[in-house]
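Working notes, structure below.
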Amino acid sequence: MIFAAMKFKIIYIVHILSGFQEDCVVCTGTTDSIVAFLAARATQPGKAVTSLGSTLAIKLLSNTRIEDSRFGVYSHRFDDKWVVGGASNTGGAVLRQLFTNDELDKLSEQINPSEVSLLDYYPLPLAYAVKLDILLQ
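When you line the sequence shown up against mature numbering (1 follows the signal peptide of the UniProt record, and there is no 0), it's residues -19 to -1, 1 to 118, in that order.
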């Protein structure tokens, strides 16, 4: 119910601000790396987030828009700032070229989420990751 009300308010505001007709359908979406950036709560310019999905992405909050297609760098408007980023094909999808699903499952079972790591990961609980994987298929 809350999400439906929020959706209605957002769509109403978009229609008012854009001058679109009321019957114009407005759809929004984003990428997993932008969602990771938002979830990490990087709120100060200079703060960066990397996310490993099918690609490896990096996003950095900046006061300046940066675009350079030679290097695959682009910017998304974020309030009065910019989320500058890019992606690499060195992400998790490359694992499918090296391992079978069974091998990946067996390797994944060896990961101990309770073990302390020097890396600052922001993992999803397994239940959410499974639901997300199902949604993305």
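Just so you know, even glycine gets a beta-carbon here, dropped at the ideal spot from N, CA and C.
Subject >> Contact the region 29 to 40 vs the region 63 to 80: 3+ CB pairs below 8 angstroms >> reply: Contact between the region 29 to 40 and the region 63 to 80 is present, because at least three Cβ pairs lie under 8 angstroms.
Subject >> Close-in-space but distant-in-sequence residues of the same chain around residue -3 (CB under 6 angstroms, 5 per side omitted) >> reply: One-based indexing of the sequence shown puts residue -3 at position 17. In the same chain as residue -3, and ignoring 5 residues on each side of it, no C-beta atom comes closer than 6 angstroms to its own.
Original post:
CB residue 14 to CB residue 27, shorter than 8 angstroms?
Top reply: Counted from its first residue, the sequence shown places residue 14 at position 33. Counted from its first residue, the sequence shown places residue 27 at position 46. Result no, Cβ atoms of residue 14 and residue 27 do not sit closer than 8 angstroms.
Original post:
Measuring CB to CB, does residue 63 end up less than 8 angstroms from residue 50?
Top reply: Numbered from 1 along the sequence shown, position 82 holds the residue referred to as residue 63. Numbered from 1 along the sequence shown, position 69 holds the residue referred to as residue 50. In this structure, the beta-carbon distance from residue 63 to residue 50 does not fall below 8 angstroms.
Original post:
What did DSSP end up calling residue -2 once you bin it into helix, strand or coil?
Top reply: Position 18 of the sequence shown, counted from the first residue, corresponds to residue -2. Residue state, collapsed to three classes: helix.
**OP:** Return the CA-CA distance between residue 92 and residue 82, expressed in angstroms with no decimal places.
**Re:** Position 111 of the sequence shown, counted from the first residue, corresponds to residue 92. Position 101 of the sequence shown, counted from the first residue, corresponds to residue 82. Straight-line Cα distance between these residues: approximately 16 angstroms.
Subject >> Three-way DSSP call (helix, strand, coil) for residue 59 in this model >> reply: On the sequence shown, residue 59 is found 78 positions in, with the first residue counted as 1. Three-state result, residue 59: strand.
Subject >> For residue 67 and residue 52, believed in contact at Cβ under 8 angstroms, the rounded distance >> reply: Taking the sequence shown and counting its residues from 1, the one referred to as residue 52 is at position 71. Taking the sequence shown and counting its residues from 1, the one referred to as residue 67 is at position 86. Rounded to whole angstroms, the Cβ separation of residue 52 and residue 67 is 7 angstroms, and the two are in contact under 8 angstroms.
Original post:
Quick one: complete beta strand (DSSP E) runs, 3+ long, within the region 28 to 101?
Top reply: When DSSP assignments are scanned along the region 28 to 101, the uninterrupted stretches of beta strand (DSSP E) that are 3 or more residues long and fall wholly within it turn out to be 29 to 33, 37 to 43, 55 to 59, 62 to 69.
**OP:** Quick one: using the 10 Å Cβ neighbour count with 16 as the cut-off for buried, is residue 32 buried or exposed?
**Re:** If you number the sequence shown from 1, residue 32 lands on position 51. Counting of Cβ neighbours within 10 angstroms places residue 32 among the buried residues, the total reaching 16 or more.
Original post:
How big is the Cα-Cα spacing for residue 59 and residue 23?
Top reply: On the sequence shown, position 78 is the one that residue 59 refers to. On the sequence shown, position 42 is the one that residue 23 refers to. Cα to Cα, the separation comes out at about 11 angstroms.
Original post:
Out of 4, 57, 88, 86, which has the shortest C-alpha to C-alpha gap to residue 12?
Top reply: The residue you call residue 12 lines up with position 31 of the sequence shown. Among 4, 57, 88, 86, the Cα nearest to that of residue 12 belongs to 57.
Subject >> residue 13, enclosing alpha helix (DSSP H) - first and last residue >> reply: Working through the sequence shown from its first residue, we reach residue 13 at position 32. Where residue 13 is concerned, the enclosing alpha helix (DSSP H) stretches over 13 to 20.
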